[in-house]
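A.B. asks: My structure is below; once you've seen it, I'll send some questions.
Residue numbers (our numbering): 1 to 114.
See the structure below:
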C-alpha cells in the first residue's frame with residue numbers, strides 16, 4: 001500500500017490529525033507493508049521545526065522509525081523565512097511540495113488530505 005498525506009495548514013490540530021491518520025493506518029493494516037509519505041507545504045511548513053509541540057515531535061520520530069518519510073517544501077521554507085537547519089530532523093526538504101505530490105500520485109500513491 002502506498003499513501004501520501006498532505007498538510008498545508010498552520011493549524012496544529014490539522015498536523016495532529018494528519019499524523020494520527022498515519023499512525024492509525026499503520027495500526028489498521030496489521031503488519032502489511034505501507035510506503036507512507038507526509039508532504040508539508042504552504043503555511044504548514046511553519047509547524048515542522050525542531051521547536052514543535054513535544055508530543056507531535058515524538059510522534060513524527062516514531063512514524064519515521066516505522067519507515068514513514070517526511071518532506072517539506074523548499075519554496076514554503078523560503079516564503080516563511082525558515083532555515084532548513086531548524087526543521088525537525090525527520091523532515092527532508094523537497095524542491096516543491098506540489099511537484100512531490102504530483103510525482104507520488106503518478107507513482108501510484110493514494111492522496112489523502114485529512
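Cβ coordinates follow ideal geometry from the N, Cα and C atoms, glycine included.
Owing to the predicted nature of the structure, the values given are computational and were not obtained by experimental measurement.
Name the DSSP beta bridge partners of residue 42, please?
C.D. replies: Its beta-bridge partners do not exist; DSSP assigns none.
A.B. asks: Between residue 70 and the rest of its own chain, which residues show a CB-CB distance below 7 Å, the 5 nearest in sequence each way excluded?
C.D. replies: 38, 60, 64, 90, 91 and 92, listed in sequence order.
A.B. asks: Under the three-state reduction of DSSP, which class applies to residue 7: helix, strand or coil?
C.D. replies: Reduced to three states, the DSSP call for residue 7 is strand.
A.B. asks: Once DSSP output is grouped into helix, strand and coil, what is the label at residue 29?
C.D. replies: Correct three-state label for residue 29: coil.
A.B. asks: Does the region 2 to 10 come close enough to the region 36 to 50 to have 3 or more Cβ pairs within less than 8 Å?
C.D. replies: Counting Cβ pairs under 8 Å, three or more are found: they touch.
A.B. asks: Please work out which residues of its chain come closer than 6 Å, Cβ to Cβ, to residue 95, disregarding the five sequence neighbours upstream and downstream, and give them in chain order.
C.D. replies: 74.
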